[in-house]
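The numbers in numbering that gives the first Met the number 0 rise by one with no breaks, and the one at position 492 of the sequence shown is 491.
Beta carbons are placed, not taken as given, at the ideal position from N, Cα and C, and that holds for glycine.
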Amino acid sequence: MDEVTQKILQVVNKSDYVKGMNYNEDAIDYTGNATVNGQKRFQFLIRSESSYQKYMVQVVVRNNKITDTYCSCPQFANTDSCKHVAACLICYSEKLINVNSEASIKQKTISLFQKFQKEFEVDEGKKEEIFVIPIITKETSYYYDALSLKVKIGQDKLYSLIGKYNSFREALQNNESYYFGSNFTYDPKKHYFSEQSLSLFRLIDSIVYRRYNSGNSLILNDISMKELFQIYPDHICMDDEKKVVKIVSGLPLQFQLSKEDTIYHLKVVGKEEELTFITEDMEYVYYHDTIYHLNKKQRFLLEEIIENDMNELEFLESEFLTFQKTLLRVMKDSLVLDETVKDIVIATKPDVKLYFDLNEEDITCNPKFLYQGNEVSYFDTVTNVIRDLEYEEEVVRELLKYGFQQGKKEFVLLDFDLLCEFLDTGLEEISEKYPVYTSEKLKNTNVLKKTPVGSHFTIGTDQILHYDFELNGVENNELESILESIRNKKKYYRLKNGNILSLEQKELQELNDLTTEMELSGSGGTIPKFRALYLDSLKENKYGIIQTDSLFQEFIENFKNFQNQDITFTKEEKKLLRDYQIDGVKWMYTVCKCGFGGILADEMGLGKSLQTICFFQKLLKEDKNSKFLIVCPTSLSYNWENEILKFAPNLSYEVFASGRNERRKKLELFQGNIYITSYGLLREDLEIYQNIGFKVFVIDEAQNIKNPKTGLAHAVKSITSETKMALTGTPIENSIVELWSIFDFIMPGFLSNLTRFQQKYRVKEDFDEETNQLLSNLKAQIKPFILRRKKKDVIQDLPDKIENNIYIDL
């Protein structure tokens, strides 16, 4: 494989390379190149093989290496490779890739041989083209004067076609020979017709179909004549096949401009001579062996001159601008200046200068045109230059494409997104067509398309999770507005320093997704430290921009260490507890030690109360003065007492369920460890419980606070405790608000406030992909803080160990 082929196969796949090798080279048009920042960008237009569509191909080369390619075809958008790119690279490899290897030279030589072999190849069976010549003639009779069409056909000798057309057409359709005369017989095996000739036949078909004809010519109406000129737009024969006349655009008359004092005189030259109107509407006029094709405005002017028998026009010097903007635009190519107006510059295609300036809210442009040393602004009203207004308006149309609007003295681009797109790409594009001059302010304004993003998270000595964000070269107080612009689907943001920030950068989009998912402020702040675990999982699996310090990592490592810590159980405890219950105690202990809260959601009958009591015992061994609060439904208050007496009679506890006065007195005097009360009585004695600092606060049948708006839920959540645990045997699957309310108890703020939570996780009747993704993210956040086992998993099979996997159905 030669070096050129190797380079091409680095940017297109093999199948597209093979298709490119067989692509018609005549279908490729090289349109030029431009050098930008040391890179050379080559551009091509290539016709589709299956339609009339044309695709744009770009190839970028730096240091003799292809660095980028592009094609506007659908395949390239999907695969970054296509046969169009391959064909351009293969056909123009010498221009794009200058490889002087021996193999490359050999390949070029073979290619040249093949091209010339096709050029000079003599095929005995090669068909010859038959000449078909249309001729416009003038028919004159007693009844009418009209223009008609004759057609000659043949090779060395030409024969009239129209009189024999019907029989010839039948032979042509049947692929049969047709005898015209002794010097010419049409043979489909030897002869062929050009596409132009076939189009002429189709025109003749339509004329013959519309009316009967038996002579050697066809009378043409305006429609047929215009169709004929569409087939033959450059030249045609008049009167006989030897007289070929050109078809040109413009007026057949000339106009001479002179000046006397302050009055201009415009003389019509040639009107007295004969004009032949080939079409009645004057679109085509025959004059001095030339056919003139007139546009709509030229036809209108010629009609006015003839109908009103105008030989001369005159207007005042003060009316020159009106003349220049009206009549002159129609006749400028036919204008001759007299000696009296030599100070006027005749319009030729001017040089262009586009002057751009950047203001606070817009970009302005003042186009200027240079006519033989005279520089004229588009908005000027000079009288000594006959301007090419069509060309000037062509330049203006280029500006309007980018969103500029015409003002009184300049063009203004007001729309912010269009302004940014113009700075980003449009200015470079238009500079490839016209010379561009920019103000210092505009020149110094950059469109930032690659801006490093930093997001820093740390857990300080205050045990609070702090965060802040950093955008290189951007003030922190702008970040919230930048993120807001991204959420509003904006493409650009103007920074206070004047630069433009592209909002479609991958890292910025990632930062927006992170702040949205974690409900963070762009200006930085704090969040509950228990969200660190979810943040760490996002860092590992989703967001590369998350940066954490050693204190954050230490916190995560401590949690993992506590998870894996081998907690000692006595022989009595091991006899008492099943393996899954030992895992439950270890889980509660780990959650507590890390400063989190948790939900023990084992099915009924799996011993949630026993696991809780053993958990209390582990903490009391570390601090015998620890205080624990258990709140449960009234019917379960003494069940807890029975469980303690049964499994841990040595624990100091009290059930506060008696009358108000006696109960409150007990509360004030109690010096033990475990407080047991009901939901209803907690509300009555709330001010007392609020003044006790608890190590652990446990609510049993946690679904009692499922409605976060009730007074009971507010009372329960007002109690202070280092750790909060919720016990429930009811699967947390019926209400997503219930889930939020219980988490608002165990770890306030973890799932943000209720309003934002409901907005984010509103459950629809039909779960779409977005809803499923949101719920999946939610499961990942709460996974470490819920432990749920099913009876069928831990009772029937009795596994030796159950892994700390979470079973949740939302």
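Closest by C-alpha distance to Q255, when choosing among Y637, G153, C364 and L334: As a first step, residue 255 must be located in the sequence shown, where it is residue number 256. Comparing Cα positions, the closest option is L334.
Three-state class that DSSP yields for Q9 in the structure shown: Sequence index remark: in the sequence shown, residue 9 carries index 10 (1-based). Note: Q9 maps to coil in three-state DSSP.
Inside the region 555–602 only - beta strand (DSSP E) runs reaching at least 3 residues: Listed in chain order, the beta strand (DSSP E) runs fully inside the region 555–602 are 597–599, counting runs of at least 3 residues.
Minimum C-alpha distance to N690 - residue among S720, P451 and N511: The sequence position of residue 690 within the sequence shown is 691, counting from 1. Here the closest residue by C-alpha is S720.
Beta-carbon gap between I612 and A647 smaller than 8 Å: As a position in the sequence shown, residue 612 is number 613, starting the count at 1. As a position in the sequence shown, residue 647 is number 648, starting the count at 1. Taking 8 Å as the Cβ cut-off, I612 and A647 qualify as a contacting pair.
Pairwise C-alpha distance: L399 and S147: By one-based count along the sequence shown, residue 147 stands at place 148. By one-based count along the sequence shown, residue 399 stands at place 400. Across the structure, S147 and L399 are spaced so that their CA atoms are roughly 46 Å apart.
Whether F655 touches T676 by CB criterion (8 Å): Translated into the one-based positions of the sequence shown, residue 655 becomes position 656. Translated into the one-based positions of the sequence shown, residue 676 becomes position 677. Yes. Within cutoff.
Runs of beta strand (DSSP E) lying entirely within the region 213–298, each at least 3 residues, in chain order: 234–237, 243–248, 253–259, 262–268, 283–286 and 289–292
Helix, strand or coil at P133 according to DSSP, with G and I counted as helix: By one-based count along the sequence shown, residue 133 stands at place 134. P133 carries a strand assignment under DSSP once its states are collapsed to helix, strand and coil.
Paired residues, beta bridge with N641 - DSSP: Translated into positions along the sequence shown, residue 641 becomes position 642. Answer by DSSP bridge pairing: none, since N641 is not bridged.
Three-pair Cβ contact test at 8 Å for the region 307–325 versus the region 258–269: yes
Assumed close pair S92, V3 - CB separation to whole angstroms, cut-off 8 Å: Taking the first residue of the sequence shown as 1, we reach residue 92 at position 93. Taking the first residue of the sequence shown as 1, we reach residue 3 at position 4. That pair is a contact at about 5 Å.
Option nearest E477 by Cα separation, candidates G523, F456, L464 and L441: Position 478 of the sequence shown holds residue 477. Closest by alpha carbon: G523.
Reference I89, options E571, E24, G269 and V395, closest by Cα: To locate residue 89, count along the sequence shown from 1; it is residue 90. Nearest option by C-alpha distance: E24.
Whole beta strand (DSSP E) elements within the region 677–727, 3-residue minimum: 693–698 and 720–726
Closest by C-alpha distance to F568, when choosing among K620, M603 and E602: One-based indexing of the sequence shown puts residue 568 at position 569. Out of K620, M603 and E602, K620 has the C-alpha closest to the C-alpha of F568.
Among T136, S14, D414 and M517, nearest to K82 - alpha-carbon criterion: In the sequence shown, residue 82 corresponds to position 83, counting from 1. The shortest Cα separation from K82 among T136, S14, D414 and M517 belongs to S14.
The region 658–675 touching the region 699–719, judged by at least three CB pairs closer than 8 Å: no
From C591, K432, P232 and F421, residue whose alpha carbon lies closest to that of E393: Here the question's residue 393 lines up with position 394 in the sequence shown. That would be K432, whose Cα lies nearest to the Cα of E393.
Span separating the alpha-carbon of I134 from that of Y22: Translated into the one-based positions of the sequence shown, residue 134 becomes position 135. Translated into the one-based positions of the sequence shown, residue 22 becomes position 23. In a straight line, the C-alpha of I134 is about 39 Å away from that of Y22.
Range of the contiguous beta strand (DSSP E) that encloses N32: Counted from its first residue, the sequence shown places residue 32 at position 33. Counting along the chain, the beta strand (DSSP E) containing N32 begins and ends at I27 to V35.
Nearest-angstrom Cα separation, counted from H292 out to E226: As a working note, residue 226 is residue 227 in the sequence shown. As a working note, residue 292 is residue 293 in the sequence shown. Using only the alpha carbons, I get a separation of about 13 Å.
Integer-rounded CB distance, given that F130 should sit under 8 Å from G153: Reading the sequence shown from its first residue, position 154 is the one you call residue 153. Reading the sequence shown from its first residue, position 131 is the one you call residue 130. With 8 Å as the limit, G153 and F130 qualify as a contact, their Cβ atoms being about 6 Å apart.
V329, enclosing alpha helix (DSSP H) - first and last residue: Residue numbering aside, residue 329 sits at position 330 when the sequence shown is read from its first letter. First-last of the alpha helix (DSSP H) with V329: L326 to M330.
Cut-off 8 Å between Cβ atoms - residues of its own chain near V35, not counting five sequence neighbours on either side: As a working mapping, residue 35 is identified with position 36 in the sequence shown. Excluding sequence neighbours, V35 sits near E427.
Touch test, the region 579–586 against the region 542–556, Cβ-Cβ under 8 Å, three pairs minimum: No, the region 579–586 is not in contact with the region 542–556.
Residue of N475, G372 and Q172 minimising C-alpha distance to R201: Working through the sequence shown from its first residue, we reach residue 201 at position 202. Per the Cα distances, Q172.
Beta-carbon separation (whole angstroms), Y491 vs L482, contact threshold 8 Å: Looking up residue 491 in the sequence shown gives position 492. Looking up residue 482 in the sequence shown gives position 483. At roughly 14 Å, the Cβ-Cβ gap does not stay under 8 Å, so Y491 and L482 are not in contact.
C70, DSSP secondary structure in three states: The sequence position of residue 70 within the sequence shown is 71, counting from 1. Strand at C70.
Counted within 10 angstroms of its Cβ, other Cβ atoms place N752 as buried (16 or more) or exposed: The residue you call residue 752 lines up with position 753 of the sequence shown. N752 is exposed by the Cβ-count criterion.
Delimiting residues of the beta strand (DSSP E) encompassing S176: What you label residue 176 is simply residue 177 of the sequence shown in a count that begins at 1. First-last for S176: undefined, no H or E at that position.
Within 8 Å, strictly: CB atoms of V268 and I277: On the sequence shown, position 269 is the one that residue 268 refers to. On the sequence shown, position 278 is the one that residue 277 refers to. No. Outside cutoff.
Among K488, L510, D416 and M237, the one whose alpha carbon lies nearest that of T275: Against the sequence shown, residue 275 aligns to sequence position 276. Nearest Cα to T275 within the set K488, L510, D416 and M237: M237.
Beta-carbon contacts of D535 that lie in its chain and below 6 Å, excluding the five residues immediately before and after: Taking the first residue of the sequence shown as 1, we reach residue 535 at position 536. Take D535, set aside five residues on each side of it, and the residues of its chain with a beta-carbon closer than 6 Å to its own are I555, in chain order.
Residue(s) in a DSSP beta bridge with V394: Start at 1 with the first residue of the sequence shown, and residue 394 comes out as number 395. Paired residues: none, contrary to the question.
Those residues which DSSP pairs with D547 across a bridge: Taking the sequence shown and counting its residues from 1, the one referred to as residue 547 is at position 548. Here residue 547 turns out to be Thr, not Asp, going by the sequence shown. Beta-bridge pairing links T547 to F456.
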